[in-house]
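Residue numbering for the sequence shown follows the working numbering, starting at 2 and increasing by one per position.
Built from N, CA and C at the ideal position, the CB exists for glycine as well.
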Amino acid sequence: MKYRVARIPKGNGKFRYIYIASEEDNARLRDLIPELEDILAKSDNYKVNYAFQSGKNCALNAVQHIGYKYTLSMDLENFFDSISTGHVEKLIPSSIVKQCFIDGNPKQGLPTSPIISVIAFLPCDRQIIEALNKLNIVAVYTRYADDLVFSFDNPKDEGRIRLVVRQIVEKNGFKINDKKTKLQDAKNGRIIITGIAVDKRGLHATRRTKKKMRAAIHQKNESSHSGLSEWSKCKLPADF
2 MKYRVARIPK
12 GNGKFRYIYI
22 ASEEDNARLR
32 DLIPELEDIL
42 AKSDNYKVNY
52 AFQSGKNCAL
62 NAVQHIGYKY
72 TLSMDLENFF
82 DSISTGHVEK
92 LIPSSIVKQC
102 FIDGNPKQGL
112 PTSPIISVIA
122 FLPCDRQIIE
132 ALNKLNIVAV
142 YTRYADDLVF
152 SFDNPKDEGR
162 IRLVVRQIVE
172 KNGFKINDKK
182 TKLQDAKNGR
192 IIITGIAVDK
202 RGLHATRRTK
212 KKMRAAIHQK
222 NESSHSGLSE
232 WSKCKLPADF
């Protein structure tokens, strides 16, 4: 595969590396997406993921958490680079894996990497749900790519969720980013889930989004304001 690598600042002194395949290779990879989507549809028994799939988005992810007292968010560190061929060998044919991995990983920037990442984490999704059920933890679990979100009403469940999720994630070769783990209490105001504010009345634009919209108006950046305005509507998928 022919590609180039773009280094993009993350704002914390670190960089995100985006792999940009040649036009020919990009077209070849895009042709594989329908088959990968079919694999995902047949393999996903729990459907807790709301990223990189038709008919799902951040708003639909956030809706699942309306009405709960507590929300625990856990982030996976270096998600794409943590995915190896071993994570998908039983799910995706080796002929496809060979075309979609670079140096052993589905690199960010390749058109097939998002859906491969969803497939790769399916065993973890299953194990997490089974563990919650065994522990009699009443919670809603959803995932948006590398963001794992749990909502529940019993404050004693926080520690148990943290423990079992960490053990399952690490057993499967992933790692929790402790700096981004956060517990939110609905008593303190709206809960933020993947950039959307949630309360018992529904979904709302966050203060951060509104601030960015005001800045876009001040800077006369019409395209930015238009995009932020659309995001602020917190629309569910068109085919929902």
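- Where Thr182 is concerned, the enclosing beta strand (DSSP E) starts and stops at Ile177 to Asp186.
- Residue range Arg208 to His219 is occupied by the alpha helix (DSSP H) that includes Met214, with no beta strand (DSSP E) assigned at that position.
- Proximity to Val119 across Ser85, Ala217, Asn137 and Asp104 peaks at Ser85, based on C-alpha coordinates.
- Secondary structure of Asn173 (DSSP, three-state): coil.
- In this structure, Lys57 places its C-beta atom within 8 angstroms of the C-beta atom of Pro238.
- Taking the Cα positions, Asp76 is about 6 angstroms away from Leu149.
- Taking the Cα positions, Lys176 is about 8 angstroms away from Arg167.
- Counting of Cβ neighbours within 10 angstroms places Asp147 among the buried residues, the total reaching 16 or more.
- DSSP links Tyr18 through a beta bridge to Arg8.
- Taken in chain order, the complete alpha helix (DSSP H) segments of 4 residues or longer contained in the stretch 73–99 are 80–83 and 86–89.
- Secondary structure of Ala198 (DSSP, three-state): strand.
- By the Cβ neighbour-count rule, Phe153 is buried, with 16 or more other Cβ atoms within 10 Å of its own.
- The Cβ atoms of Ala63 and Leu229 lie no closer than 8 angstroms to each other.
- In the three-state scheme derived from DSSP, where H, G and I count as helix and E and B as strand, Asp45 is classed as coil.
- Remark: C-beta atoms of Cys59 and Ile218 do not approach each other more closely than 8 angstroms.
- Note that the C-beta distance between Leu61 and Ile116 is not below 8 angstroms.
- A residue is called buried when at least 16 other Cβ atoms come within 10 angstroms of its Cβ; Phe16 does not meet this threshold and is exposed.
- Thr143 places its beta carbon 8 angstroms or farther from that of Leu33.
- DSSP links Asn62 through a beta bridge to no other residue.
- Of all alpha-carbon atoms in Lys236, Pro10 and Val141, the one lying nearest the alpha-carbon of Ser74 is that of Val141.
- In the three-state DSSP reduction, Arg191 falls in the coil class, being neither helix nor strand.
- Annotated as distal: Phe151 and Ile169, with beta-carbon spacing of 8 angstroms or more.
- Each residue's CA atom was taken as its position, placing Arg215 and Ile40 some 43 angstroms apart.
- Collapsing the DSSP output to three states places Ala52 in coil.
- The criterion of a C-beta distance shorter than 8 angstroms is satisfied by Ala22 and Met2.
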